[in-house]
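Presented below is the structure to which this report refers.
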Amino acid sequence: MSVFIPLGALDDAIIQKIAEISGENARRCMQCGTCSAVCPMVESMQPSVRQLMLLLQHGRSGAVQEATTAWTCAACHTCLVRCPRGIDIPRLMEGIRQIVLRQNLDRVDPRAIPAETLAALPPIALVAAFRKLTA
Numbered sequence: 054m055s056v057f058i059p060l061g062a063l064d065d066a067i068i069q070k071i072a073e074i075s076g077e078n079a080r081r082c083m084q085c086g087t088c089s090a091v092c093p094m095v096e097s098m099q100p101s102v103r104q105l106m107l108l109l110q111h112g113r114s115g116a117v118q119e120a121t122t123a124w125t126c127a128a129c130h131t132c133l134v135r136c137p138r139g140i141d142i143p144r145l146m147e148g149i150r151q152i153v154l155r156q157n158l159d160r161v162d163p164r165a166i167p168a169e170t171l172a173a174l175p176p177i178a179l180v181a182a183f184r185k186l187t188a
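54 is the number of the first residue of the sequence shown in our numbering; add one for each residue after it.
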């Protein structure tokens, strides 16, 4: 016998936590796809911004936390400017990153970066990456 679980009831806690951190409600998204259409980083994202918003709306917290979308977001605010609902998607992405980082799951290990790569990178890029990708 299977039990019916409404899609929105799977993990509402992540939606509420992201809303609390970011001040944005992912449920306002009407899935028009404008965010993905204008995103300069969409080809590097898995899933796309629109698909991530759908996962959020359906409470798929595991898939949201495993997605590369929030980490790839350039926070250029093009999606915010074009969103017909005025959803601040970069703030939502920051909320997702904060949830993952609060679990002490770093997305980059500074000790694993080869010395020649460190020497070639501008210090500001390293500082920005460490702020964004480490707890």
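Beta carbons are placed, not taken as given, at the ideal position from N, Cα and C, and that holds for glycine.
*Which same chain residues, not among the five before or five after ALA116, have their C-beta less than 7 angstroms away from its C-beta?*
LEU108
*Is any heavy atom in the ligand GDP found nearer than 7 angstroms to the beta carbon of GLY76?*
No copy of the ligand GDP occurs in the structure displayed, which carries no ligand at all.
*asked:* In this structure, how does DSSP classify CYS92 when only helix, strand and coil are distinguished?
replied: Reduced to three states, the DSSP call for CYS92 is coil.
_Exposure of GLY112, with buried meaning 16 or more beta-carbon neighbours within 10 Å_ = buried
*Cβ-based neighbour list, GLN151, same chain, cut-off 6 angstroms, excluding 5 preceding and 5 following*: Counting only Cβ-Cβ distances below 6 angstroms, and skipping sequence neighbours, we find ILE74.
_Segments of 4+ residues assigned as alpha helix (DSSP H) that fall wholly inside the stretch 125-154_ = DSSP runs (the alpha helix (DSSP H)) wholly in the stretch 125-154: 131-135, 142-154.
*Put GLU77 into one of helix, strand or coil per three-state DSSP.*
coil
*asked:* For ASN78, which residues in the same chain have their Cβ closer than 6 angstroms to its Cβ, ignoring the five residues on either side in sequence?
replied: ALA72
_Through-space distance from ALA128 to PRO93, alpha-carbon basis_ = 10 angstroms
*By Cβ distance, which residues of its chain are closer than 6 angstroms to ARG80, with the 5 residues on each side in sequence left out?*
GLN110
*In whole angstroms, what is the alpha-carbon distance linking GLU147 and LEU186?*
Annotation: GLU147 to LEU186 spans about 11 angstroms, alpha carbon to alpha carbon.
*Do you know whose CA, among THR125, ARG160, GLY76, VAL91, lies nearest PRO137's CA?*
Ranking THR125, ARG160, GLY76, VAL91 by Cα distance to PRO137 puts VAL91 first.
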